[in-house]
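2 protein chains.
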Amino acid sequence: MRATIIHGPGDIRVEDRDYPTVQQPTDAVVKVTAACVCGSDLWPYRGVRPTHEPRAIGHEFIGIVESIGEAVTGLAVGDLVIAPFVVSCGECPQCRNGVTVACDRLAGWGGKDDAGLPIDGAQGQAVRVPLADATLVKVPGVTEPDDALRASLLTLSDVMATGHHAALAAKVGPGRSVVVVGDGAVGLCGVLAARRLGAERIIAMSRHADRQSIAREFGATDIVEERGEDGVAKVRELLGGVLADSVLECVGTAESMEQALHSVRPGGALGFVGVPTGGGGVPLRYLFDTNISVGGGMAPARTYIPELLADVLDGSINPGRVFDVVMPLEDAAEAYRAMDERRAIKVLLTP
Amino acid sequence: MRATIIHGPGDIRVEDRDYPTVQQPTDAVVKVTAACVCGSDLWPYRGVRPTHEPRAIGHEFIGIVESIGEAVTGLAVGDLVIAPFVVSCGECPQCRNGVTVACDRLAGWGGKDDAGLPIDGAQGQAVRVPLADATLVKVPGVTEPDDALRASLLTLSDVMATGHHAALAAKVGPGRSVVVVGDGAVGLCGVLAARRLGAERIIAMSRHADRQSIAREFGATDIVEERGEDGVAKVRELLGGVLADSVLECVGTAESMEQALHSVRPGGALGFVGVPTGGGGVPLRYLFDTNISVGGGMAPARTYIPELLADVLDGSINPGRVFDVVMPLEDAAEAYRAMDERRAIKVLLTP
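Protein sequence lines correspond, in order, to chains A and B.
So the first sequence is numbered by our numbering: it starts at 6 and just counts up by one.
So the second sequence is numbered by our numbering: it starts at 6 and just counts up by one.
(1) Give, in chain order, every residue of the segment 168-188 of chain B whose Cβ lies closer than 8 Å to some Cβ of chain A.
(2) On the criterion of 16 or more Cβ atoms from any shown chain inside 10 Å, does histidine 170 of chain A qualify as buried, or is it exposed?
(3) So cysteine 41 of chain B is in the beta strand (DSSP E); what residue range does that whole segment cover?
(4) Kindly list, in the order they appear in chain B, the residues whose Cβ is closer than 9 Å to that of methionine 303 of chain A.
(5) Glutamine 264 of chain A CB to nearest chain B CB: under 8 Å?
(6) Tell me whether the beta-carbon of alanine 40 of chain B lies closer than 8 Å to the beta-carbon of arginine 22 of chain B.
(7) Decide if the segment 41-55 of chain A is in contact with the segment 326-346 of chain A; the criterion is three or more beta carbon pairs, one per stretch, under 8 Å apart.
(8) Relative to the alpha-carbon of leucine 110 of chain B, which residue among B:Cys97, B:Val53, B:Glu254 and B:Ile207 has its alpha-carbon at the smallest distance?
(9) Determine, for glycine 192 of chain B, whether the minimum Cβ-Cβ distance to residues of chain A falls below 8 Å.
(10) Taking proline 89 of chain A as the reference, give the member of A:Phe66, A:Glu75, A:Val82 and A:Glu71 with the closest Cα.
(11) Under a three-way DSSP split, which group does glutamate 339 of chain A fall into?
(12) DSSP puts lysine 176 of chain A in a beta bridge; with which residues?
(13) With a cut-off of 8 Å on the beta carbons, I'd call valine 34 of chain B and arginine 133 of chain B a contact; round off their distance for me.
(14) Under 8 Å between the Cβ atoms of arginine 307 of chain A and threonine 140 of chain A?
(15) Quick one: what does DSSP say phenylalanine 328 of chain A is sitting in, helix, strand or coil?
(16) Between leucine 289 of chain B and chain A, is the shortest Cβ-Cβ distance under 8 Å, so that the two count as touching?
(17) Would a check of beta-carbon distances place valine 280 of chain A closer than 8 Å to chain B?
(18) Taking the beta strand (DSSP E) that aspartate 294 of chain A falls in, what are its first and last residues?
(19) What are the residues of the segment 88-109 of chain B that lie near chain A, defined by any Cβ-Cβ distance shorter than 8 Å?
(20) Which residues, in order along the segment 33-62 of chain A, keep a beta-carbon less than 7 Å from a beta-carbon of chain B?
(21) What residues of chain B sit near arginine 270 of chain A, judged by a beta carbon separation below 9 Å?
(22) Spell out whether any CB of chain A is found under 8 Å from the CB atom of valine 247 of chain B.
(23) Rounding to the nearest angstrom, what Cα-Cα distance links leucine 136 of chain B and glycine 121 of chain B in this structure?
(24) For arginine 326 of chain A, collect the residues of the same chain with a Cβ closer than 6 Å to its Cβ; drop the 5 residues on either side in sequence, then sort them by chain order.
(25) Cα-Cα, which of B:Val184, B:Arg60 and B:Leu197 is closest to valine 317 of chain B?
(26) What residue from A:Gly233, A:Val247 and A:Glu242 has the CA that sits closest to glutamate 263 of chain A's CA?
(27) For valine 383 of chain A, return the contacting residues in chain B, with the cut-off set at a CB-CB distance below 8 Å.
(28) The segment 9-26 of chain B: which residues have C-beta closer than 9 Å to a C-beta of chain A, in chain order?
(29) Can you check DSSP and say which residues form a bridge with leucine 275 of chain B?
(30) Just mark glutamate 149 of chain A as buried or exposed, buried being the case when its beta carbon has 16 or more other beta carbons within 10 Å.
(31) Based on Cα-Cα distance, which residue from A:Glu230, A:Glu254, A:Cys255 and A:Leu253 lies nearest to leucine 243 of chain A?
(32) Could you please tell me which residues of the segment 138-163 of chain A, in chain order, have their CB closer than 8 Å to any CB of chain B?
(33) So, at 7 Å on beta carbons, what are the nonlocal neighbours of arginine 181 of chain A in its own chain, with the 5 sequence-adjacent residues on each side left out?
(34) Please report the residue range of the alpha helix (DSSP H) in which aspartate 235 of chain A lies.
(35) Would you list, in sequence order, the uninterrupted beta strand (DSSP E) runs of no fewer than 3 residues that lie entirely inside the segment 65-112 of chain B?
(36) Output the boundary residues of the beta strand (DSSP E) element that contains glutamate 260 of chain B.
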């Protein structure tokens, strides 16, 4: 089969790999029908994270179950399934608490399972899925989604689940005022998640006309282009002299965290899902003095998918709009370039 | 009148001061019937916080309204009232959000109001209370509480409200497992607050038999004496291999914050109310990797008092048990010594 392999910074190749097979009784093999490139895939692409040896890449996909191990009971050949961005067991204390990203048997696409067996990357034609019953979510009643539905289903793998996680961590709810820092696919999904959870006022911080347009479509009531202190002042002005009840940090830099933290009102909540590349910490004394709470992290997509899926299937949310470019898998290298150069918000790959 | 004045580290004196009078239409003058010494009063006492000039000290009291300004409508002479540990207006956006400790007109006992007029300290015979309608809470139907009730009412000024704040920030609720770091009056009230909110398992970290005893009386199901990694291991063992859903940090040192943070399970919540004397920050990457949320700060006691007061009055909670020593106001210097030397958990002063 064909699969996307990263060899080093800027070096993405689509190569031949063995077609996966069931290795464990709990495995499924899924034929990928849509995958995509994530903002976090750009770190190894940009050399921010080292690539020690060539490896399969990609962690978001949907597809059709092609074969299953004998212990798989909840899935059947022919099912359309959504894969969250990590493998989880569904049985350990963390999974039972809904924190599937801290699963005792956690494994990642393109990595190895807890038996040491390699797992395919998502940007390929097929993937061996360990712990398939617990990891995958079946899409009921649909096997051949149209392009729009396919795109929305694919966002549940990561970006829509992550935007939802940010909104929950920021305690978004009916009547709350919300600021979203970051206008990438996750930030835009954060806007959509905030609207879905009943936020009254949603301010998207964005300087790009195309992203502003999707933000408005997703429910942003206001756009702020200013950054730093000017951005905070603008938020305060829009909200009648106070800061936001809830702020979603969807970037991960020290600057964006600063922007987000200073946009929260006393007693408000900051939800952060941008991987904190800047390191560092949240100043305790500032949190103490302002009564601001901070939460977030990697989204337990597996936990959220059933709830979000229902809204995708009934058409009440259409997160697939974040994909502005569709390319064949063979063009994966160009997909990375387009995202790296910000010519694309998010690229969907069709194997 | 007699009032407690701090002159410098270790130098507490009870001195004569002018009896307060109504200065503003929104003032009340309250005759103090019970005050107390707070753990945070020990910072200037120990010289951790500088004392630039002699000043009235104390920020927790209950008492009887003696006179009111013409604009005061919700209180009458003779009412028994509880004073939260700060003055707040009840009308600004922060007060409307329930975050009275971030009030636009915030003022502290022993400090000055927003008109620049001095405010008496709580450890004295009487106090001028600015913004009396918004600041004070009337105790309905009681003017002469017995000793036990008096003590419990007094805790609503600060320590019980603060323990409740920690529990809310740590998302305590029915069925949750809880660890409380700190066995001072606030930590003990945190145990009581956790039980009141329905926690199933409450682990108090304490090495002092007297405090352990109150913790058990307040609802602690387990006591852990170990600290550091041993303490974390013990918590994990008690909870069947996982860490706590909710952890209350009620001390404020770098060590206690570390202890607290590492006692939280993935996806759990840390509520911190110990003033962070150690400075520093919460490591973002750790929060991201564990999905632990952090919140807390100064408790908006004014917001919580009505709810907690109802439970004190009907006898369902008895937080006044944290007072293990009662002394006359004249012995304030000895009260500070007893708390400083940890001979007392918390000293109640009777003017």
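Built from N, CA and C at the ideal position, the CB exists for glycine as well.
Nothing here was measured: the structure is a model prediction, and the numbers come from that model.
On the basis of the data shown:
(1) Ala174
(2) Within the first sequence, the letter at position 165 stands for residue 170 of chain A. Buried, by the Cβ-count rule.
(3) As a working mapping, residue 41 of chain B is identified with position 36 in the second sequence. Here the beta strand (DSSP E) through cysteine 41 of chain B covers 33-41.
(4) The residue given as residue 303 of chain A occupies position 298 in the first sequence. Per Cβ cutoff of 9 Å: Phe293, Asp294 and Asn296.
(5) Within the first sequence, the letter at position 259 stands for residue 264 of chain A. Chain B, which has no Cβ nearer than 8 Å to the Cβ of glutamine 264 of chain A, makes this no.
(6) One-based indexing of the second sequence puts residue 40 of chain B at position 35. One-based indexing of the second sequence puts residue 22 of chain B at position 17. Result no, Cβ atoms of alanine 40 of chain B and arginine 22 of chain B do not sit closer than 8 Å.
(7) yes
(8) Looking up residue 110 of chain B in the second sequence gives position 105. Looking at the sequence itself, residue 110 of chain B is arginine, so the reference to leucine does not match. Nearest of B:Cys97, B:Val53, B:Glu254 and B:Ile207 to arginine 110 of chain B, Cα basis: B:Cys97.
(9) For the purposes of this step, residue 192 of chain B is identified with residue 187 of the second sequence, where counting begins at 1. Glycine 192 of chain B does not count as touching chain A.
(10) For the purposes of this step, residue 89 of chain A is taken as residue 84 along the first sequence, with counting starting at 1. Taking only the C-alpha atoms, the option nearest proline 89 of chain A is A:Phe66.
(11) In the first sequence, counting from the first residue as 1, residue 339 of chain A sits at position 334. DSSP places glutamate 339 of chain A in helix when its eight states are reduced to three.
(12) Here residue 176 of chain A refers to the residue found at position 171 of the first sequence. Note: lysine 176 of chain A sits in no beta bridge, so no partner.
(13) Walking along the second sequence from the start, residue 34 of chain B turns up at place 29. Walking along the second sequence from the start, residue 133 of chain B turns up at place 128. About 6 Å; that satisfies the 8 Å criterion.
(14) Locating residue 307 of chain A in the first sequence gives position 302, where the first residue counts as 1. Locating residue 140 of chain A in the first sequence gives position 135, where the first residue counts as 1. Going by C-beta atoms, arginine 307 of chain A is nearer than 8 Å to threonine 140 of chain A.
(15) The residue given as residue 328 of chain A occupies position 323 in the first sequence. Three-state result, phenylalanine 328 of chain A: coil.
(16) Here residue 289 of chain B is taken as the residue at index 284 of the second sequence, counted from 1. Closer than 8 Å: yes.
(17) For this step, residue 280 of chain A is matched to residue 275 along the first sequence. Output row for valine 280 of chain A: interface = yes.
(18) Position 289 of the first sequence, counting from 1, holds the residue named residue 294 of chain A. Looking at the DSSP string, aspartate 294 of chain A is not in any beta strand (DSSP E); the run it does join, the alpha helix (DSSP H), is 289-295.
(19) Pro98, Gln99, Asn102, Gly103, Val104, Val106 and Ala107
(20) none
(21) Taking the first sequence and counting its residues from 1, one reaches residue 270 of chain A at position 265. Going along chain B in sequence order, the residues near arginine 270 of chain A (Cβ under 9 Å) are Pro98, Gln99, Asn102, Val104 and Ala107.
(22) Counted from its first residue, the second sequence places residue 247 of chain B at position 242. Closer than 8 Å to some Cβ of chain A, the Cβ of valine 247 of chain B qualifies, so yes.
(23) For the purposes of this step, residue 136 of chain B is taken as residue 131 along the second sequence, with counting starting at 1. For the purposes of this step, residue 121 of chain B is taken as residue 116 along the second sequence, with counting starting at 1. The straight-line gap from Cα to Cα measures roughly 14 Å.
(24) Translated into the one-based positions of the first sequence, residue 326 of chain A becomes position 321. Around arginine 326 of chain A: Ile219.
(25) Here residue 317 of chain B is taken as the residue at index 312 of the second sequence, counted from 1. Ranking the options by Cα distance to valine 317 of chain B, first place goes to B:Leu197.
(26) Stepping through the first sequence from its first residue, residue 263 of chain A is reached at position 258. Nearest option by C-alpha distance: A:Gly233.
(27) Within the shown structure, residues of chain A are numbered from 6 to 356, placing residue 383 of chain A beyond reach of any answer.
(28) none
(29) Counting from 1 along the second sequence, the entry for residue 275 of chain B is found at position 270. Answer is B:Val252 and B:Val299, bridged to leucine 275 of chain B.
(30) Position 144 of the first sequence, counted from the first residue, corresponds to residue 149 of chain A. Exposed, by the Cβ-count rule.
(31) Counted from its first residue, the first sequence places residue 243 of chain A at position 238. Checking every option, the nearest Cα to that of leucine 243 of chain A belongs to A:Glu230.
(32) none
(33) As a working note, residue 181 of chain A is residue 176 in the first sequence. So the list reads Ala204, Glu205, Asp250 and Ser251, once near-sequence residues are dropped.
(34) Sequence index remark: in the first sequence, residue 235 of chain A carries index 230 (1-based). Residues 233-243.
(35) 66-73 and 85-88
(36) Counted from its first residue, the second sequence places residue 260 of chain B at position 255. Segment 259-266 is the alpha helix (DSSP H) holding glutamate 260 of chain B; no beta strand (DSSP E) there.
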